[in-house]
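Chemist:
Protein chains: 2
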Amino acid sequence: MELISPIDAVFLLAESREHPMHVGSLQLFETPEDAGPDYARVIHEKLLADTEFHPTFRKQPANWLGTPQLAWTQAEDIELAYHLRRSALPSPGRFDQLLELASELHSALLDRHRPLWEIHLVEGLSDGRFAIYSKMHHALIDGVAAQRLLQRTLTDDPAANEMRVPWNLPRARRAPEPSGSLFGGIARNLLSAANSAPAALRAARAALLQQQLTMPFDAPRSMFNVPIGGARRCAVRSWPLERVKQVKKATGTTVNDVVLAMSAGALREYLIEQHALPDKPLIAMVPISLRADDDTAETSGVKVGAILCNLGTDIADPIERLRVVSESMRRSKEVYNSLSPIQTMALSGLMLSPLALTFLPGMLSLANPPFNIVISNVPGPKDPQYWNGARLDASYPMSIPFDGQAVNITLTTNGDNLDFGLVGCRRSVPRLRSLLDHLENSLSDLEQAAV
Amino acid sequence: MELISPIDAVFLLAESREHPMHVGSLQLFETPEDAGPDYARVIHEKLLADTEFHPTFRKQPANWLGTPQLAWTQAEDIELAYHLRRSALPSPGRFDQLLELASELHSALLDRHRPLWEIHLVEGLSDGRFAIYSKMHHALIDGVAAQRLLQRTLTDDPAANEMRVPWNLPRARRAPEPSGSLFGGIARNLLSAANSAPAALRAARAALLQQQLTMPFDAPRSMFNVPIGGARRCAVRSWPLERVKQVKKATGTTVNDVVLAMSAGALREYLIEQHALPDKPLIAMVPISLRADDDTAETSGVKVGAILCNLGTDIADPIERLRVVSESMRRSKEVYNSLSPIQTMALSGLMLSPLALTFLPGMLSLANPPFNIVISNVPGPKDPQYWNGARLDASYPMSIPFDGQAVNITLTTNGDNLDFGLVGCRRSVPRLRSLLDHLENSLSDLEQAAV
Chain A
154 MELISPIDAV FLLAESREHP MHVGSLQLFE TPEDAGPDYA RVIHEKLLAD TEFHPTFRKQ
214 PANWLGTPQL AWTQAEDIEL AYHLRRSALP SPGRFDQLLE LASELHSALL DRHRPLWEIH
274 LVEGLSDGRF AIYSKMHHAL IDGVAAQRLL QRTLTDDPAA NEMRVPWNLP RARRAPEPSG
334 SLFGGIARNL LSAANSAPAA LRAARAALLQ QQLTMPFDAP RSMFNVPIGG ARRCAVRSWP
394 LERVKQVKKA TGTTVNDVVL AMSAGALREY LIEQHALPDK PLIAMVPISL RADDDTAETS
454 GVKVGAILCN LGTDIADPIE RLRVVSESMR RSKEVYNSLS PIQTMALSGL MLSPLALTFL
514 PGMLSLANPP FNIVISNVPG PKDPQYWNGA RLDASYPMSI PFDGQAVNIT LTTNGDNLDF
574 GLVGCRRSVP RLRSLLDHLE NSLSDLEQAA V
Chain B
154 MELISPIDAV FLLAESREHP MHVGSLQLFE TPEDAGPDYA RVIHEKLLAD TEFHPTFRKQ
214 PANWLGTPQL AWTQAEDIEL AYHLRRSALP SPGRFDQLLE LASELHSALL DRHRPLWEIH
274 LVEGLSDGRF AIYSKMHHAL IDGVAAQRLL QRTLTDDPAA NEMRVPWNLP RARRAPEPSG
334 SLFGGIARNL LSAANSAPAA LRAARAALLQ QQLTMPFDAP RSMFNVPIGG ARRCAVRSWP
394 LERVKQVKKA TGTTVNDVVL AMSAGALREY LIEQHALPDK PLIAMVPISL RADDDTAETS
454 GVKVGAILCN LGTDIADPIE RLRVVSESMR RSKEVYNSLS PIQTMALSGL MLSPLALTFL
514 PGMLSLANPP FNIVISNVPG PKDPQYWNGA RLDASYPMSI PFDGQAVNIT LTTNGDNLDF
574 GLVGCRRSVP RLRSLLDHLE NSLSDLEQAA V
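Protein chains in written order, with this note's numbering: chain A, 154 to 604; chain B, 154 to 604.
1) Within its chain, find whatever has a CB closer than 6 Å to the CB of H290 (chain B); leave out the 5 residues flanking it on each side and keep chain order.
2) Alpha helix (DSSP H) containing A298 (chain B): first to last residue?
3) How many Å lie between L575 (chain B) and E422 (chain B) at the Cα?
4) Can you list the residues of chain B that G382 (chain A) reaches, using a CB-CB cut of under 9 Å?
5) If I measure Cβ to Cβ from A603 (chain B) and keep anything under 7 Å in the same chain, skipping five residues before and after, which residues do I get?
6) Thinking C-alpha only, which one of B:T204, B:L165, B:D598 and B:E276 is nearest A419 (chain B)?
7) Mind checking if F336 (chain B) is an interface residue toward chain A, Cβ cutoff 8 Å exclusive?
8) Say whether the stretch 543-553 of chain A touches the stretch 577-591 of chain A, bearing in mind that this needs 3 or more beta-carbon pairs closer than 8 Å, one atom from each stretch.
9) Please state if the CB of L307 (chain A) and the CB of S178 (chain A) are separated by a distance shorter than 8 Å.
10) So P434 (chain B) and L413 (chain B) are in contact, right, with Cβ under 8 Å, and what is the actual spacing, rounded?
11) With distances taken from CA atoms, which of B:W540, B:T565 and B:I526 is nearest P534 (chain B)?
12) Using a Cβ-Cβ cut-off of 8 Å, state whether G241 (chain A) counts as contacting chain B.
13) Using CA coordinates, which residue listed in B:S548, B:E480, B:G568 and B:T204 is at the minimum distance from N321 (chain B)?
14) Could you work out which residues of chain B lie near Y235 (chain A), taking near to mean beta carbons separated by less than 9 Å?
15) Applying a beta-carbon distance threshold of less than 8 Å, which residues of chain B neighbour S244 (chain A)?
16) Taking the alpha carbon of V297 (chain A) as the point to measure from, which residue in A:N530, A:G568, A:N561 and A:P537 has its own alpha carbon closest?
17) Excluding the 5 residues flanking W225 (chain A) on each side, which residues of the same chain have their C-beta closer than 8 Å to its C-beta?
18) In whole angstroms, what separates the C-alpha of F377 (chain A) from that of N561 (chain A)?
19) Check for me: the beta strand (DSSP E) holding E183 (chain B) runs from which residue to which?
20) Please identify the residue among A:R265, A:R282 and A:A255 whose C-alpha is closest to the C-alpha of I272 (chain A).
21) What residues are listed by DSSP as bridge partners for I562 (chain B)?
22) Have a look at A:S260, A:E276 and A:R239 and flag the residue whose alpha-carbon is nearest the alpha-carbon of G246 (chain A).
23) Using 8 Å as the threshold, is the C-beta distance between P380 (chain B) and Y539 (chain B) below it?
24) Apply the 10 Å Cβ neighbour rule to N525 (chain B) and answer buried if 16 or more other Cβ atoms are within range, or exposed otherwise.
25) Looking only at DSSP bridge pairs, what is M438 (chain B) linked to?
26) Flag this pair as yes or no: are the beta carbons of P440 (chain B) and V527 (chain B) separated by less than 8 Å?
27) So, with DSSP's three-state summary, where would you put T308 (chain A)?
28) Check for me: the beta strand (DSSP E) holding I285 (chain A) runs from which residue to which?
29) From which residue to which residue does the alpha helix (DSSP H) around S391 (chain A) run?
30) Going straight from the alpha carbon of V389 (chain B) to that of L181 (chain B), what length do you get?
31) Report yes if the CB atom of A162 (chain B) is closer than 8 Å to the CB atom of A292 (chain B), and no otherwise.
32) According to DSSP, simplified to helix, strand and coil, what is Q135 (chain A)?
33) Return the chain-ordered ranges of every alpha helix (DSSP H) run that is complete within the stretch 235-277 of chain B and spans a minimum of 4 residues.
34) What would DSSP say about P214 (chain A), mapped onto helix, strand or coil?
35) In angstroms with no decimal places, state the Cα-to-Cα distance between E198 (chain A) and P208 (chain A).
36) Just tell me which of B:V478, B:R386, B:P393 and B:A429 has its CA closest to the CA of N409 (chain B).
Structural data, given as structure tokens:
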């Protein structure tokens, strides 16, 4: 048995039927030319034979001190056919039917009586491609690490015919040997949790307040900052990275600035359409990775900081909006850099993942949300990727809406593309997919004005 | 707003992520000969156009006095495309793949932010048939009423081309006008709940104890009487009613006696296989309907009584086992008939649905389960049924396992067949589908010995 870190435990404690706390991913692959009609079945059977599991994929909440949120146990018998399933689209197999299926899968809770992950091989797309929807609990892995884990199943060699699976990747390096006995470790963890959690919460709160105080804005109330229901809707699309880079070059900003401004313009149009645009600009919470490049999935725990960004949604002009976003990001990073070491540590630990904020007293009252939306840009591979000869067309992250944050935008680089994954509460965020057209229009406006 | 009856509220209160409290049904239809390749899509689109909803299908838990378990509200905007969905089987579309899908759908919780029902049209069976998986929350409707409701969408006229939907059936009769004001009604309901619930619980407990005391047996501990996990597995098969009737005639018993003995023999073989056969015989809880024949879905509330039956699983001889079952049923009915009026009322209300028992103090301790398994025989139509020209081949009920009752057997008559639906906890009941072969062998043993 192993104690769950106090911060990972937050994701188990906070989860309810309305608030599943798993991160997801929807990958699209070109079926290889030599694939037979039984391709999906053959792959599935091959993968089912791989019954070695990395410890992370054996982790299951154990009852300890009467609650299932405090300790992990390592599952001994894993029914791989439960975790790795086949699904199919109804005819005619349109892309929006894939999104409906992904929304349904993303809405369902993981079974806590088993290791907290599922992978679904999806067939039946009319264009002949196949898809993989994966989900893992946030208590196991953060969104960035999950994307990295999936990337490690891929290769840039189209001819490689190894079928790597996320649950049994070649180890990048040895996990450090546990020092001392198991019970010594448990005792240390308990002490550390008992001593540091409230202090870390206080430090994180102070750091966030300082960040907020330094900013010349407050987040307005908006339709996104409401209690949410149990069902989700997702929307995904890819854009050529080159288009964003052209705007970046012409304006002297960063790729991330342009992506945020592109999102800001889309949100502005969406809110105008919904007759719900606040007078004051929306504030985005932008997670920044504090993970070193050589970190691997073996390194557990969430390593993200969070900075606040003025999205300038009150501004009609796209270039002016981009300037506000860029300047806001620059100043937020300065504030971040000026924090005391303990504040930085608190911010950079799990504490400042958006969910943990719900546990900071008074921070997520719906009347005064600390921010309106999470927009997250997760690094991805620069070259085209393959899995057993199947080319990866797209890799859409699917993150976690929660109470007070009804929609989430997460994107990642995939070769020459930027892949956007939007997930919203199905009840409070109507017509989520219209945001995709708004994103295209917003990028196009930036191009016309800048280039 | 309408108060939830204290007994229906039990099913909302008792529900957790590990214990979904919905009843399900898996119907199989022959696709009509004139159906085109787009049959499923065409049906789905036609059904989506039927946006009139019976009040039961608008009911949604409302927050009242701070809890969502006390009151119903009527949902105004219903996203029918959420409740009525299309699903497909992966290739090659075998029957066991349909069962995997049904198991997955039956494991997922209903969204409490919407009316508590879902219907899935399933295509992709290799034999050309199509399936409908439906689920409704037990707080809305009991298993018997749910089966009746689905039956009312059917007709015995193969040429009828009306597409009746469960959410908008022709009303069998007018619901009685509410007497007095809404708030008067709420106050009355509250008073009645406050006054009668503990008394009814006491009466139900006394009645069950009396039944138990009268019986010359206690339920043993068994592998079925354990805490359960969140995932389910289902198994279904049909048997010709005539085979059961032949055994009944030859032995002077009833159809229900034979069905119980058939189940008993299957459970005995399964438990022997699992090295888990208790020395003492398993005790089944057999719900008996107290619903008048002219009751309709409009009549809400669960109307079942419960009698205990000695399954004779300690007996190897099939006919001797049938005799024990038959005699046990006869004596239990006598006890039931001898109860005082208040005990009968308590037993026949929702109180004695197996779930409500979990709220009777001390009744469901795992050390001494009051019974080992629920076996339920739900009435069904005598003639072949059709839905818009599609012949109903089978209608498998899917009921609710819960803590201490890891497997459930429910069957129903469908024309010349008996359709068995088994649902088990996927973790604690391994190889559930082997029970189907044991059922066949058990019936076959009865035939050879009796006929």
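Every residue gets a Cβ at the ideal spot worked out from N, C-alpha and C, and that includes glycine.
Predicted, not measured: the structure shown is a model, and the values here were computed from it.
Modeler: Straight from the coordinates:
1) H175, L263 and L269
2) G296 to Q304
3) 16 Å
4) D264, R265, H266 and R267
5) V400, A403, T404 and I472
6) B:D598
7) Summary for F336 (chain B): the model assigns pLDDT 34, below 50, so the residue's position carries little reliability, and this model does not support an answer.
8) no
9) no
10) Not a contact, Cβ separation roughly 12 Å.
11) B:T565
12) Per the sequence shown, residue 241 (chain A) should be read as Ala rather than Gly. Cβ-Cβ to chain B under 8 Å: yes for A241 (chain A).
13) B:T204
14) A384 and R579
15) P190, D191, A193, R194, A241 and E276
16) A:N530
17) M154, E155, L156, I157, K212, Q213, P214 and A215
18) 9 Å
19) Counting along the chain, E183 (chain B) falls outside any beta strand (DSSP E), and DSSP gives it neither H nor E.
20) A:A255
21) B:I528 and B:L575
22) A:E276
23) no
24) buried
25) B:L461 and B:V527
26) yes
27) strand
28) F283 to H290
29) Segment R385 to P393 is the beta strand (DSSP E) holding S391 (chain A); no alpha helix (DSSP H) there.
30) 11 Å
31) yes
32) The requested residue 135 (chain A) is not part of the displayed model; chain A covers only 154 to 604.
33) 248-260
34) strand
35) 22 Å
36) B:V478
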